[in-house]
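Q: In this text, residue positions in the sequence shown follow the numbering used here: the first is 88, and each later residue adds one. Right, I'll just put the structure down here and ask away after.
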Amino acid sequence: MASNIRQLQERLQYQFRDPELLSLALSHRSCGSRNNERLEFLGDSILGVRVTDFLYQQFPQAREGDLSRMRSQIVRAESLAQVAKDLQLGPELSLGPGEMKSGGQRRDSILGDTVEALIGAVYLDSDMQAATTCIDHWFRELLDAASDAQPVKDAKTALQEWLQQRSKPVPQYELVDTGGEAHSRLFTVSCKIDQVDKAVSATASSRRKAEQLVAQQLLSELEQGF
88 MASNIRQLQE RLQYQFRDPE LLSLALSHRS CGSRNNERLE FLGDSILGVR
138 VTDFLYQQFP QAREGDLSRM RSQIVRAESL AQVAKDLQLG PELSLGPGEM
188 KSGGQRRDSI LGDTVEALIG AVYLDSDMQA ATTCIDHWFR ELLDAASDAQ
238 PVKDAKTALQ EWLQQRSKPV PQYELVDTGG EAHSRLFTVS CKIDQVDKAV
288 SATASSRRKA EQLVAQQLLS ELEQGF
């Protein structure tokens, strides 16, 4: 067991001063009252702060919406679970008999929660800098991917910016029709721009998607015509 803990800490690239914190971080609530839920709560907040700060510094020109979308990609459950798998946390988890029997050591939600609990444990064992360093190590691929990405503007935002740069009025979107079966509704949205003499429509499975489609279509026509 001592050998397993030593190898785990090597993978984590962190040596715990208080081994009990590491043990607690690996203990799922199915084990009883001594579990990692409070550490998970703490680690979730620390992870959010670190990722938010990273993105804010990395993308000084990005809009709030773009930053939020990138942060969501990094801290979503699937991403956390992948970090846990990279660190080989599954076999190290302490689970109750029922959870162990049902394969809890492979469940994404449990794995992701454990990563957050470990972040909280590192913070309590040391300080914020140590927790930040661990996050940077464990999430390196995800952070690098964010660094390489360029935030993509949605079509409605791009269209509005194009018009504003040319002192044109903002586009007007209108839901003109709904149809289809109850389980597969279709929404038709039109978009027109005063002073430009342009109006197009598009249909999609949601009003939001239809608005994005019509904005993209209109932007393409405007860019070709100006």
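Glycine included, C-beta positions come from ideal geometry on N, C-alpha and C. None of the values given here were measured: they were computed from a predicted structure.
What residues in its chain sit with their C-beta under 7 Å from that of Asp195, if we drop five residues either side in the sequence?
A: Within the same chain, Asp195 has close Cβ partners Ala164, Glu165, Ala168.
Q: What does a CB cutoff of less than 6 Å around Arg116 pick up in its chain, not counting 5 residues either side in sequence?
A: Correct list, in chain order: Asn122, Glu124.
Q: Rank Gly199, Leu229, Ser293, Ser254 by C-alpha distance to the C-alpha of Gly266 and give the top, closest one.
A: Among Gly199, Leu229, Ser293, Ser254, the Cα nearest to that of Gly266 belongs to Ser293.
Q: Over the uninterrupted beta strand (DSSP E) stretch that includes Tyr260, give me the two end residues.
A: Unbroken beta strand (DSSP E) run through Tyr260: 259-268.
Q: When the Cα atoms are used, what is the spatial distance from Ser288 to Ala302?
A: Cα-Cα distance, rounded: 9 Å.
Q: Distance check for Ala218 and Leu182, CA to CA, integer angstroms please.
A: If you take the alpha carbons of Leu182 and Ala218, they lie about 25 Å apart.
Q: Could you check what DSSP says for Ser189 in three-state terms: helix, strand or coil?
A: The answer is coil: DSSP assigns Ser189 none of H, G, I, E or B.
Q: Along the chain, where does the beta strand (DSSP E) containing Cys278 start, and where does it finish?
A: Segment 271-280, the beta strand (DSSP E) holding Cys278.
Q: Go through its chain and collect everything with a Cβ distance to Tyr143's Cβ below 8 Å, but skip five positions before and after it.
A: Only Leu154 meet the Cβ criterion.
Q: Between Gly130 and Ala204, is the Cβ-Cβ spacing less than 9 Å?
A: Yes, the pair counts as a contact, with Cβ atoms nearer than the cut-off.
Q: Taking the beta carbon of Gly199 as the centre, do at least 16 other beta carbons fall within 10 Å, making it buried, or is it exposed?
A: Burial call: buried.
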